[in-house]
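Peer 1: What follows is a structure written as structure tokens; I'll ask about it next.
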Amino acid sequence: MPGIPGQLAFACLRSMPFNSSLATAFIDAYRPYLLFHSTLDPLRSPPAGYLSPSIDLLAGLTKIRSRAASGDYESQFDFDWDLNRLLSLAHDGHLQIELCSQHIFVFTRDLPLVSVSDDGLRLPAIYTLDDAQRRQAHQPHHVFPVVEINGVDATYYLESHVAMWLDAHDPDARYNHLFPSAAARLSGAYSGGAWTRYKGLWPGAASYRLRFANGSHTTVDTHASWPAANGPMIYERGADLFAAACLPNATSTLGMDKTPSGAVNDAASAAKMYPEADTEHDDTPIKLHYLPSARFPDVAVLQVASFKVHHNVSNYVAATEQMLQQAVTQGKTKLIIDLSDNNGGDVDVGLKLFRLLFPDQDVYSATRFRAHGLVDIMGQIFSRGFASGQAPIDLTILPHDAVNPAQAHVFQSWDELYGPHEYQGTNMSHLYAVSDLHATSTLPFVHKSRAFFQARDMVMLTNGRCSSTCALFAQQMHRHGVRAVTFGGRPRHGFAQAVGGNKGAQYWSVSTIGQYIAMALEMASNATKLRRRVEDEYLLAELQNLMPPLPADFPLRFNMQGESGINFRSSYDDDDGDIPRQFRYEAADCRRFFTADNIFQPESIWMDTAKAVSGEAYCVGTSESHHSMQFGERMPLPSPHLPL
């Protein structure tokens, strides 16, 4: 049901009654799950180099609970809105919760905006998508940039009122997320930009007044749609909607489906898609392109849209290796690896791609989980109950299945793995690898005698929106000298980060945590019955004292799968085992802004990257002066870990 006035849908949601006792019980049930989030403590006082504000999530949760207990909320929607906004301030794509009232309707602003630079170096201006297309077609008449939104400078408004609530830790990556992206469409994500729609959430106002540089105005209304998966819209009262969407109900799916309508999904239909790949395989989200220019006959582009492989995982390495071998056979000696809008996927797949490109190099990965009472008890129970290799592959707190970052040492006890290791008031586990690559890999190790490309002849390309497994892959490539070029970001001079999304090492959904709590309870109960030892009885009693309700027993419904989860393990660099990579500033070697050609002919980004790394085009500098880079040389940076 499209075309519903946004204000009407918003009023409908706010008519849902608020139940103080259910809301406070929900907070009490959720809080122990939040304790598993690995960056909970450093978010309170982030280290230098982190570009987002600090946030005390536990204090914020306490404040929301206090308001709920006092009955200060007028509706369930207002309560959910506050909780959702609190978690969004962590700017972590792994930390989210999908609450019962937030996805009943899908809200959109049906006027896509874009950020366009004249030449990739000049500061970009904001245009409507249609106006930018007219500029790109050399029809600049009556085309003017947007200078104000609701009476506020347009750039400031987008940064502070929209981008501030997005889930990337880097503000330039958040800014890019506002606008349409052909790469996002290729990766299967919504491609219209967060300005038009962000997870279908209420954007905050029923209408927006845009003023253009010539003084003219236009108004953009917020619209809503009722997803077909909700079934018929038969709810006449807020109380009925609340009962169907928020009270425990095993059969209802109301508000749990976020699939956008066709109209919403086509918000960026004017943006031209990529050309047909020279080589692609159905089993992999990877495509191989050759630049259609005599100027760069030796450059290939490996477009890696995602590391998610839903089936035929065993074919992934073979297909990718075939592409790389074909590129070499065709005389390509240089490689652009396009990671734009790559939101991660299977860690094993990302590491296999790295091993294809660096067959003679080892993987270094270092992770820690947050040490707290419940995970300590669970770890002790699992360490007693599971033999080596018996635990689920995602249950990564078994000492005898864990290895150190260099893959050379297996932990001998829970205490040796758990620690805790203390750093600036934060208790974490000891460092250990993302996995024992020899034991847990679903794919054979790559055995090659020669690399397809030299490190100096490869470059990673991003728009800052590289997350999770993508961040791990980029870390491995960077460690071995592969440079990065990033496009877009806020309209200001200076460097930008290539990896602006989540840099965590492992995501756990709330459902996964609940499953492991239930598994620990069953294991501890059985051990107590069988052995009747004091240690087993102690562990069972402690677990029963600390464990929260399982997700299915929460007093209010929420999407237990989907994106309701936490970042269980933080990732670290080999030169710093204390500060998570999530908080370390890592400038790309080259930055350029998007031009109109880049937006409507996205393959032109590859050409601009090739020009930049071959010295034919400049990169954005810290002021009006710009710099160049070339294949085979490292660009001088003021510091790899300090913001500019």
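Using the UniProt record's numbering, the first residue of the sequence shown is number 1, and each one after it goes up by one.
Using N, Cα and C, we set each Cβ at its ideal position, and we do this for glycine too.
Everything numeric in this text was worked out from a predicted model, so none of it was measured.
Per DSSP, which residues does residue 83 bridge with? Please list them.
Peer 2: Here the question's residue 83 lines up with position 83 in the sequence shown. In DSSP, residue 83 forms no bridge with anything.
Peer 1: Near residue 386, what residues of its chain come up, given a Cβ to Cβ distance below 7 Å and the 5 sequence neighbours on each side ignored?
Peer 2: As a first step, residue 386 must be located in the sequence shown, where it is residue number 386. Correct list, in chain order: 398.
Peer 1: Compute the distance between the beta-carbons of residue 61 and residue 31, then report whether it is under 8 Å.
Peer 2: For the purposes of this step, residue 61 is taken as residue 61 along the sequence shown, with counting starting at 1. For the purposes of this step, residue 31 is taken as residue 31 along the sequence shown, with counting starting at 1. Going by C-beta atoms, residue 61 is nearer than 8 Å to residue 31.
Peer 1: Any Cβ of chain D within less than 8 Å of the Cβ of residue 238?
Peer 2: Among the chains of the structure shown, chain D does not appear; only one protein chain is present.
Peer 1: Can you give me the start and stop residues for the alpha helix (DSSP H) that residue 316 sits inside?
Peer 2: Taking the first residue of the sequence shown as position 1, residue 316 is located at position 316. From DSSP, the alpha helix (DSSP H) with residue 316 extends over 314–329.
Peer 1: For residue 360, does the three-state DSSP call read helix, strand or coil?
Peer 2: Counted from its first residue, the sequence shown places residue 360 at position 360. Correct three-state label for residue 360: coil.
Peer 1: May I ask which residues mark the beginning and end of the alpha helix (DSSP H) holding residue 219?
Peer 2: Here residue 219 refers to the residue found at position 219 of the sequence shown. Where residue 219 is concerned, there is no enclosing alpha helix (DSSP H), although the beta strand (DSSP E) it sits in stretches over 217–225.
Peer 1: When we look at the beta-carbon of residue 337 and count the other beta-carbons within 10 Å, is it buried (16 or more) or exposed?
Peer 2: Indexing the sequence shown from 1 puts residue 337 at position 337. Under this definition residue 337 is a buried residue.
Peer 1: What does the alpha-carbon distance come out to for the pair residue 378 and residue 429?
Peer 2: In the sequence shown, counting from the first residue as 1, residue 378 sits at position 378. In the sequence shown, counting from the first residue as 1, residue 429 sits at position 429. Going from the Cα of residue 378 to the Cα of residue 429 covers about 14 Å.
Peer 1: Using 8 Å as the threshold, is the C-beta distance between residue 539 and residue 381 below it?
Peer 2: In the sequence shown, counting from the first residue as 1, residue 539 sits at position 539. In the sequence shown, counting from the first residue as 1, residue 381 sits at position 381. Closer than 8 Å, so yes.
Peer 1: Measure the alpha-carbon distance for residue 581 versus residue 364 and round it to whole angstroms.
Peer 2: In the sequence shown, counting from the first residue as 1, residue 581 sits at position 581. In the sequence shown, counting from the first residue as 1, residue 364 sits at position 364. Whole-angstrom Cα-Cα distance: 14 Å.
Peer 1: What number of angstroms, rounded off, separates the C-alpha of residue 56 from the C-alpha of residue 495?
Peer 2: Counting from 1 along the sequence shown, the entry for residue 56 is found at position 56. Counting from 1 along the sequence shown, the entry for residue 495 is found at position 495. Going from the Cα of residue 56 to the Cα of residue 495 covers about 29 Å.
Peer 1: So, does the stretch 154–164 touch the stretch 77–84, judging by three or more C-beta pairs under 8 Å?
Peer 2: As far as the Cβ criterion goes, the stretch 154–164 does not touch the stretch 77–84, which means the pair count is below three.
Peer 1: Measure the alpha-carbon distance for residue 356 versus residue 368 and round it to whole angstroms.
Peer 2: Indexing the sequence shown from 1 puts residue 356 at position 356. Indexing the sequence shown from 1 puts residue 368 at position 368. Taking the straight line from one Cα to the other gives about 27 Å.
Peer 1: In the DSSP assignment, find the beta strand (DSSP E) that holds residue 60 and state where it starts and stops.
Peer 2: Taking the sequence shown and counting its residues from 1, the one referred to as residue 60 is at position 60. Unbroken run through residue 60 is the alpha helix (DSSP H), 57–69; no beta strand (DSSP E).
Peer 1: When you compare the CB positions of residue 466 and residue 339, do they come within less than 8 Å of one another, or not?
Peer 2: Within the sequence shown, the letter at position 466 stands for residue 466. Within the sequence shown, the letter at position 339 stands for residue 339. Yes, Cβ-Cβ distance for residue 466 and residue 339 is below 8 Å.
Peer 1: According to DSSP, is residue 284 helix, strand or coil?
Peer 2: Taking the sequence shown and counting its residues from 1, one reaches residue 284 at position 284. Of the three classes helix, strand and coil, the one that applies to residue 284 here is coil, per DSSP.
Peer 1: Pick out whichever of 454, 278, 291 and 298 has its Cα sitting closest to the Cα of residue 354.
Peer 2: Reading the sequence shown from its first residue, position 354 is the one you call residue 354. Of the candidates 454, 278, 291 and 298, the one whose C-alpha sits nearest the C-alpha of residue 354 is 454.
Peer 1: Identify the continuous beta strand (DSSP E) that holds residue 508 and give its terminal residues.
Peer 2: Counting from one through the sequence shown, the residue named residue 508 turns up at place 508. Its beta strand (DSSP E) spans residues 506–509.
Peer 1: Taking the alpha-carbon of residue 7 as reference, which of 96, 166 and 225 has the nearest alpha-carbon?
Peer 2: Taking the sequence shown and counting its residues from 1, the one referred to as residue 7 is at position 7. Ranking 96, 166 and 225 by Cα distance to residue 7 puts 225 first.
Peer 1: So, residue 557 versus residue 249, is the Cβ gap smaller than 8 Å?
Peer 2: Indexing the sequence shown from 1 puts residue 557 at position 557. Indexing the sequence shown from 1 puts residue 249 at position 249. In this structure, residue 249 lies closer than 8 Å to residue 557 by Cβ.
Peer 1: Can you tell me whether DSSP reads residue 148 as helix, strand or coil?
Peer 2: Counting from one through the sequence shown, the residue named residue 148 turns up at place 148. In this structure, residue 148 counts as strand in the three-state DSSP scheme.
Peer 1: Quick check on this structure: which residue in 72, 89 and 71 has the alpha carbon closest to the alpha carbon of residue 59?
Peer 2: Locating residue 59 in the sequence shown gives position 59, where the first residue counts as 1. The option with the nearest alpha carbon to residue 59 is 89.
Peer 1: List in chain order: all unbroken beta strand (DSSP E) runs of 3+ residues lying wholly within the UniProt domain "CPAF-like PDZ" (107–227).
Peer 2: List check, beta strand (DSSP E) in window: 113–116, 125–128, 146–149, 207–212 and 217–225.
Peer 1: Using DSSP with H/G/I as helix, E/B as strand and the rest coil, what is residue 470?
Peer 2: Numbered from its first residue, the sequence shown carries residue 470 at position 470. Helix at residue 470.
Peer 1: Starting from the Cα of residue 97, find the closest Cα among 37, 432 and 110 and give me that residue.
Peer 2: Counted from its first residue, the sequence shown places residue 97 at position 97. If we check each option's Cα against that of residue 97, 37 comes out closest.
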